[in-house]
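Dropping the structure here:
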């Protein structure tokens, strides 16, 4: 009986271990050095320079055409910087050759999400944190503050610490 | 006697440090001063006090950013925070000495933030007062 319960505990631990490994693998993401320096400097001045791969091309197009009214703020860019940022984001978007099918999963073809937090892949990965209202914690401020939890986010690295 | 010499030296060092600090912002301030003269007939120089009032004032153009202090905090010697949670280094020149030394950067941020907070462009006098306040603390 004792041996049986020990075996049960061990297998439960193994199962949990394997599950957490899968969970980490599922949420880990790294854009490596792909983040464009102009994008990192200009957009990263106010928020995490979110990887281009996290939104479809149509979303970046819509966002960049309305930078003067950007989530309640004027974030207009000088023409030269705007062209550079646009070229990077649109060529690396989720639905391009540089993107990933995983990020586009369950995005309706008719939808143009303007926030990464509206993307089904994001809500899936962060379901537990959403449930716990983790993003309204004072240290995090906003779900746009990726760096609060993903220390490498400024360089496009989202591997769980 | 030694104390007195020490105090004099200290004051001289502090004074020149302040002069250097103000000096780095001078080209941009001079530019705004000539613009201000062109914009208004009665312009008689910038005022740190007016800049402080402007910085702390609440406006009604935006619910998200009613004041400069919304993101920069009411104390410009402290770090601020954007609405997306990113830290903003202090606006006070004493804390961030290269503030207001790159005219392109200064114009880009005045253009954006004046639109966001005031719903209009800032006048040259407002910009000059703002920088004068930030250079004074």
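Residue numbers (the working numbering), protein chains in the order written: chain A, 925 to 1085; chain B, 181 to 317.
Glycine included, every Cβ here is placed at the ideal spot set by N, Cα and C.
Note that the structure is predicted; figures quoted are calculated from it, not measured.
(request) Leaving aside the five residues before and after residue 1067/A along the sequence, list all residues of the same chain whose C-beta is less than 8 Å from its C-beta, in chain order. (result) Residue 1067/A sits at position 143 when you count from the first residue of the first chain. So the list reads 1041, 1050 and 1059, once near-sequence residues are dropped.
(request) Note down, in chain order, all residues in the stretch 1017-1031 of chain A with a beta-carbon under 8 Å from any beta-carbon belonging to chain B. (result) none
(request) Spatial neighbours of residue 1000/A within its chain, please: CB distance less than 7 Å, with the 5 preceding and 5 following residues excluded, ordered by chain position. (result) The residue given as residue 1000/A occupies position 76 in the first chain. Excluding positions up to five away in sequence, the list reads 991 and 992.
(request) Determine, using beta carbons only, whether residue 199/B comes closer than 7 Å to chain A. (result) Here residue 199/B corresponds to residue number 19 of the second chain, with the count starting at 1. Per-residue confidence for residue 199/B stands at a pLDDT of 47, beneath the threshold of 50, marking its modelled position as unreliable; the derived number appears in the next sentence. By this cut-off, residue 199/B is not an interface position.
(request) For my contact list, residue 1079/A and residue 265/B are in at a C-beta cut-off of 8 Å; report their separation, rounded to the angstrom. (result) Stepping through the first chain from its first residue, residue 1079/A is reached at position 155. Stepping through the second chain from its first residue, residue 265/B is reached at position 85. That belief does not hold up - the Cβ atoms of residue 1079/A and residue 265/B are roughly 17 Å apart, past 8 Å.
(message) Please state whether the Cβ-Cβ distance between residue 984/A and residue 1006/A is less than 7 Å.
(response) As a position in the first chain, residue 984/A is number 60, starting the count at 1. As a position in the first chain, residue 1006/A is number 82, starting the count at 1. The answer is no: Cβ separation not under 7 Å.
(request) Can you grab the Cα-Cα spacing for the pair residue 971/A / residue 262/B, in whole Å? (result) Your numbering for residue 971/A matches position 47 in the first chain. Your numbering for residue 262/B matches position 82 in the second chain. If I take the Cα positions, the gap works out to 7 Å.
(request) For the stretch 1054-1075 of chain A, enumerate the residues whose C-beta is nearer than 8 Å to any C-beta of chain B, in chain order. (result) 1064, 1065, 1066, 1068, 1069, 1071 and 1072
(request) Please decide whether residue 295/B counts as near chain A, where near means a Cβ-Cβ distance under 7 Å. (result) Translated into positions along the second chain, residue 295/B becomes position 115. With 7 Å as the cut-off, residue 295/B counts as an interface residue toward chain A.
(request) Check whether the Cβ of residue 287/B lies closer than 7 Å to any Cβ atom in chain A. (result) Position 107 of the second chain, counting from 1, holds the residue named residue 287/B. Not an interface residue.
(request) Flag this pair as touching only if the stretch 272-280 of chain B and the stretch 974-988 of chain A have three or more C-beta atom pairs under 8 Å; answer yes or no. (result) no
(request) Note down, in chain order, each residue of its chain lying with its Cβ closer than 8 Å to the Cβ of residue 299/B, except the 5 sequence neighbours on either side. (result) If you number the second chain from 1, residue 299/B lands on position 119. Result list for residue 299/B: 239, 241 and 242, in chain order.
(request) Could you please give me the residues that DSSP links to residue 1016/A through a beta bridge? (result) Looking up residue 1016/A in the first chain gives position 92. Looking at the DSSP assignment, residue 1016/A forms no beta bridge with any residue, so it has no partner.
(message) Need the endpoints of the alpha helix (DSSP H) that residue 302/B sits in, please.
(response) Here the question's residue 302/B lines up with position 122 in the second chain. Run containing residue 302/B: none; DSSP gives neither H nor E here.
(request) Determine which residues share a DSSP beta bridge with residue 260/B and list them. (result) On the second chain, residue 260/B is found 80 positions in, with the first residue counted as 1. Partner(s): 268/B.
(message) Just verifying my parser: in three-state terms, what is the DSSP assignment at residue 201/B?
(response) Taking the first residue of the second chain as 1, we reach residue 201/B at position 21. Only weak support exists for where residue 201/B lies, its pLDDT of 48 falling under 50; the coordinates are left without a value.
(request) For residue 263/B, go through chain A and note every residue whose CB falls closer than 9 Å to its CB, in chain order. (result) Here residue 263/B corresponds to residue number 83 of the second chain, with the count starting at 1. 970, 971, 995, 996, 997, 1065, 1066 and 1068, listed in chain order.
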